[in-house]
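Student: Once you've had a glance at the structure underneath, I'll fire off some questions.
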Amino acid sequence: GNDAVAVMMIEVDDKERRQNILKRLVGVESRLSLSFNGNVITGVPIDEEDIDRTSHDGQKTSAVHFIRFTFTPEQAQDFKTAPQIMVSIDHKGYSHMTTCPEVLVASLREELD
């Protein structure tokens, strides 16, 4: 296919600190992107009918999110050969960019035709 799915886990051992962070990160699941060779693919959260990823009152996000990245055929080919893939989060409560670990890149590449 021309899409790949990643799992984003917000891991904080301390329960009270984790709850505070999850309150600050509502909507983070819509703020992830992959960048490579001049391409930017914005992730789209996968809604699961049986699991709420944000609290009913919109006050806290989940610690686990499933994110779909959809590629054009040209972007998929480019992704397979890109020497470096960057993943970024651009959220008002947390902003960060890093190089994707090779094990993650290899897994995502396997999902693309």
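Just so we're aligned: 39 in my numbering is position 53 of the sequence shown, and the numbers increase by one with no gaps anywhere. Glycine included, C-beta positions come from ideal geometry on N, C-alpha and C.
1. Throw me the rounded Cβ distance for the Ile121 and Gln61 pair, which I believe falls under 8 Å.
2. Please report the straight-line C-alpha distance between Thr67 and Val91, rounded to a whole angstrom.
3. Can you list, in chain order, the residues of its chain with a C-beta nearer than 7 Å to that of Ser16? Leave out the 5 residues immediately preceding and following it.
4. Start and end of the beta strand (DSSP E) containing Ile75?
5. Alpha carbon to alpha carbon, what distance is there between Ile7 and His51?
6. Let's see if you can read the secondary structure: which residues bound the beta strand (DSSP E) around Arg54?
Tutor: Well, looking at it:
1. With the chain covering -13 to 99 only, the question about residue 121 has no answer from this structure.
2. 11 Å
3. Taking C-beta separations shorter than 7 Å and ignoring five residues to either side along the sequence, the partners of Ser16 in its chain run Pro31, following chain order.
4. 72 to 77
5. 15 Å
6. Element bounds for Arg54: 50 to 56.
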